[in-house]
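In my numbering, the protein residues as written are 127 to 793.
By construction, the Cβ of each residue, glycine as well, lies at the ideal position given by its N, Cα and C atoms.
Notes follow once the structure below has been shown.
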Amino acid sequence: MDKNPYIFYLLFLIIGIFLGDFLLFNFYFLISILGILFTTLFFIRKNIKLRITFSILLFIFWTVLGTTLVKINSFLPLHHYIHFKEDNAIQFISVTVKEQGNSNSKSRKYVAEVNQIANKDKFYSTCGDVLLLVDKEKFNSVLTLGNQYDLLVELKDPIKPLNPHQFNYSQYLQQQYILQMADVKKILSITPHQSILYKIKNLNQRVVEKINHSNLSKESKEFLKAYLLGDRFEMDKNTLEAYSQSGIMHLIAISGMHIAFIFSIIFSVFHLCLGRKRRTLVIIISLFFVWLFAILVGLSSSVFRACLMISLFYIFELLKRISNIYHSIALSAIVILLINPYEVYSIGFQLSYCAVFFLCWLAKPLSLILKTNYKGFNQWIINPLSVTLAAQLGTLPWVIFYFHQFSLLSIPFNFIIIPYSFIITYASIVELLFLYLPNDFHSYSAFIYDFLIKLLVNSTSWISSQNTFMYKNIPLGLVEALFLTFSCVSIRYIFKSPYKLKYFFPFLLSLIAFQITRLSLKIKNDYKKQVIVFHHTKTLVGLRNGNQLLILKDSTLNLADIQKHILIPYEAGERISNTEYRNFYLDRDYFWEGKIIKALNYKQLSTLNTNKTTIIVSSFEPSIKKSNSHSIIISDSQATKSNDLGVPSKENVWITSKQGAYITSLP
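Here it is, written out as structure tokens:
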């Protein structure tokens, strides 16, 4: 603890943040506890006899601080726009556009702060962020960051997951402090901004326009915008899927790797210009330009993390303190969580810090084991290989936990890509500069850059198409991922002292705990028997028996679509090993485990008369006059009002568009 206290502070801060969503302590009570703890720590900090007590109280302080931060950030002020929302109505709002989000085929997305809102012909000054949805066909122009827009919008609640194990987009937005989505109906007026910060940010859009009108190929334009400017809003979905499956998604998402490359380039240039004696000035100038670049690309969470980490590392050096990379990692994470405690739930936050930690933790021991007697070979092959293995090994449990897939080719491919990315970085910067030269000069550079990107894209497509090496639908729970991470941490001690048996025990205990957890979950799931009526516009029913799943689907359903968005997440989350598909017909009864399952149309529902073992599935919103059936499931996204059903006993009716997928367990 004495060597790396910030890591322990970070761990207890994270524990406090996790507890914040479950503990019901009053905010003022938590503030009082923090005050008492801080005062006590201040008076006993120099008392050697109370050193253990000081350490315990310090950890409690950080835990309570984490819980308090959650309470503070979950508090909604009285002038928050959510208090003035009108349901199912067109409202006036005045917003300032803060950043652009990922677009889809239909809409552009922007995060904006609501400055004013109209409610019942009255105007109120407000605060809070909203997600603007701007229709591409209706509004051709791109909104300018920093500008103030007066809009007519319909405020909507974010869509909650209606099927098991689907991505919770509503929760994701809440963790970004975005409580509503605003469907833009009309832009009334625009007020240009005068902020220097937003002028720098909007340079990004100007450069994007310059790239769009260049001689580069479509693939090169997409890559250059994503790699240097963080703009992958219009990127082809198949290309994104190829990058994801080949394990190099980090290449087109501006992250720590990009910032490290950019910083090293800036540092090298100024180091050559100013010389070694002015290292302090070189560091300050390099940090200034790397933060300027961060603002230019939008200062996203991943960019902010990387810049903060590099800045803290060199601030330690400027202050004549020992530059401990673990201090920089932990301090940067603490600063980010103090600003936004919900960032701890971000996949990017977890993967980036996990990757950086294991780079520092395992890369050097790995290189010592793999090193040869040839210095050049060690420098150009062994060291990059050690870095790749360390990062891949450390992040592997969490990649599988979140994405449930892994390609064996991603490790050797990353080993090649990391050195190649140096070439790509320099080429991208040069190409960006050449865009502002006459076309005669730019045509030559465009040809070379297109060749480099085509080589990368073709390699990525080939890697992603090798299904033999791709493992999909890998089930892995949170506890299992934690045990695997502990085993990865303990590998360092084995590498340092491979002949001492005591260093093998933590690694073996972690693996044993992992296997016991996995086995217990398998046994638990093997005894599950369920009927699942998934939410969809058409009939989609699952009959589960242990790890076997039978899907009864409407014959007109697109199988690839429902697999991607509904069934694959369910199969991975529920550890389903085998799935069969059959068409579901309206004129048949399906018998399974003592249940009768019917798919009925509107007229049949109006006159149904069944026994209590029958499950009725309909894609229509019926007007049911009489029913003694056990369950009536309306699996139609358009069915909205249960009181329109005309059912005397409404507890028999389950509308998936409101209540989510219907799941019933059988003995």
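*Apart from the five residues just before and just after Phe529, which ones in its own chain have a Cβ nearer than 8 Å to its Cβ?*
So the list reads Ser370, once near-sequence residues are dropped.
*asked:* Tell me the rounded alpha-carbon separation between Gly772 and Val779.
replied: With a pLDDT of 41 at Gly772, under the threshold of 50, the modelled position of this residue cannot be trusted; read the value that follows with caution. If you take the alpha carbons of Gly772 and Val779, they lie about 10 Å apart.
*Closest by CA to Tyr218, which one among Asn245, Leu457, Pro131, His339?*
According to the sequence provided, residue 218 is Phe. The question's Tyr does not apply to it. Answer by Cα proximity: Asn245.
*alpha helix (DSSP H) containing Gln641: first to last residue?*
It spans 630 to 652 - the alpha helix (DSSP H) in which Gln641 sits, taken as one unbroken run.
*Are the CB atoms of Ala368 and Thr222 nearer to each other than 7 Å?*
Between Ala368 and Thr222, the C-beta gap is not smaller than 7 Å, which leaves the two residues out of contact.
*Report the option in Ile159, Phe201, Phe138 whose CA atom is closest to the CA atom of Ser181.*
Distances from the CA of Ser181 to each of Ile159, Phe201, Phe138 were compared; the closest alpha carbon is that of Phe138.
*Do you know offhand how far Ile542's Cα is from Asn673's?*
Using only the alpha carbons, I get a separation of about 39 Å.
*Hey, how far is the Cα of Gln226 from the Cα of Asn684?*
A direct Cα-to-Cα measurement between Gln226 and Asn684 gives close to 32 Å.
*Figure out for me which residue from Ser229, Asn241, Ile285 has the closest Cα to the Cα of Val260.*
Of Ser229, Asn241, Ile285, the residue nearest in Cα terms is Ser229.
*In three-state DSSP terms, what is Gln301?*
In the structure shown, Gln301 sits in a helix (DSSP, three-state: H, G or I).
*Where does Phe153 fall in DSSP's three states?*
Helix.
*Specify the secondary structure class of Val310 as computed by DSSP and reduced to three states.*
Strand at Val310.
*asked:* In chain order, what are the residue ranges of uninterrupted alpha helix (DSSP H) at least 4 long that sit wholly in the segment 527 to 566?
replied: Taken in chain order, the complete alpha helix (DSSP H) segments of 4 or more residues contained in the segment 527 to 566 are 536 to 560.
*Within 10 angstroms of the Cβ of His691, are there 16 or more other Cβ atoms? Answer buried if so, exposed if not.*
His691 comes out exposed.
*Can you have a look at Asp770 and say buried or exposed, based on whether 16 or more other CB atoms are within 10 angstroms of its CB?*
Summary for Asp770: the model assigns pLDDT 44, below 50, so the residue's position carries little reliability; its value from the coordinates is reported in the next sentence. Asp770 sits exposed, since fewer than 16 C-beta atoms from the chains shown fall within 10 Å of its C-beta.
*Take Gly382 and list the residues in its own chain whose beta-carbon comes closer than 8 Å to its own, dropping the five residues that flank it on each side.*
So the list reads Ser428, Arg431, Ala432, Met435, Ser478, Ala481, Val482, once near-sequence residues are dropped.
*Hey, would you say Lys598 sits closer than 7 Å to Gln531, going by beta carbons?*
Closer than 7 Å, so yes.
*Is Lys312 closer than 7 Å to Leu278 when the C-beta atoms are compared?*
Remark: C-beta atoms of Leu278 and Lys312 approach each other more closely than 7 Å.
*asked:* Can you tell me whether Tyr570 is helix, strand or coil according to DSSP?
replied: Correct three-state label for Tyr570: helix.
*For Lys200, which of helix, strand or coil comes out of DSSP?*
Note that residue 200 corresponds to Ser in the displayed sequence, not to Lys. Residue state, collapsed to three classes: coil.
*Under a Cβ-count criterion, where at least 16 other Cβ atoms within 10 Å of its own Cβ denotes burial, should Asn540 be classed as buried or exposed?*
Answer is buried; the Cβ neighbour count reaches 16.
_Once the 5 residues before and after Asn130 are set aside, which same chain residues still bring their CB inside 6 Å of it?_
Within the same chain, Asn130 has close Cβ partners Tyr452.
_Under the three-state DSSP convention, the category His206 falls into_ = His206: strand per DSSP, three-state reduction.
*Is it true that the CB of Phe414 sits closer than 7 Å to the CB of Ile579?*
The answer is no: Cβ separation not under 7 Å.
*asked:* Let me check one thing: in DSSP terms, what residues is Ser239 bridge-paired to?
replied: According to the sequence shown, residue 239 is Glu rather than Ser. Looking at the DSSP output, Glu239 shares a beta bridge with Thr222, Asp255.
*asked:* Here's a check: name, in chain order, each residue in its chain whose Cβ is nearer than 6 Å to the Cβ of Ser763, leaving out the five neighbours to either side.
replied: Note that Ser763 scores a pLDDT of 47, beneath 50, so its modelled location is shaky; the value from the coordinates is reported in the next line. Around Ser763, the same chain offers Thr663, Ser783 as residues with beta carbons nearer than 6 Å, after the five sequence neighbours per side are excluded.
*With DSSP as the reference, label Thr665 as helix, strand or coil.*
Coil, per DSSP.
*Taking all protein chains shown into account, decide if Ala686 is buried (16 or more other Cβ within 10 angstroms of its Cβ) or exposed.*
Classification of Ala686: exposed, given that the 10 Å Cβ count is below 16.
_Residue nearest to Leu559 in terms of C-alpha spacing, selected from Leu354, Arg171, Tyr275_ = Comparing C-alpha distances from Leu559 to each of Leu354, Arg171, Tyr275 shows the shortest one belongs to Leu354.
*Write down the C-beta distance between Ile243 and Tyr236 rounded to the nearest angstrom, noting that I regard them as a contact closer than 8 Å.*
With a beta-carbon spacing of about 17 Å, Ile243 and Tyr236 fall beyond the 8 Å limit used to define contacts.
*Return yes when the Cβ of Ile537 is within less than 7 Å of the Cβ of Leu602, no when it is not.*
No, the Cβ-Cβ distance between Leu602 and Ile537 is not below 7 Å.
_Among Glu263, Val240, Leu258, nearest to Thr252 - alpha-carbon criterion_ = Nearest of Glu263, Val240, Leu258 to Thr252, Cα basis: Val240.
*Have a look at Leu515 and Gly502 and give me their C-alpha separation to the nearest angstrom.*
Taking the straight line from one Cα to the other gives about 19 Å.
*Go through its chain and collect everything with a Cβ distance to Tyr440's Cβ below 7 Å, but skip five positions before and after it.*
Ile409, Leu413.
*Quick one: using the 10 Å Cβ neighbour count with 16 as the cut-off for buried, is Ser591 buried or exposed?*
Exposed, because fewer than 16 other Cβ atoms sit within 10 Å of the Cβ of Ser591.
*Measure the Cβ-Cβ separation of Tyr207 and Gly254 and say whether it is below 7 Å.*
Yes.
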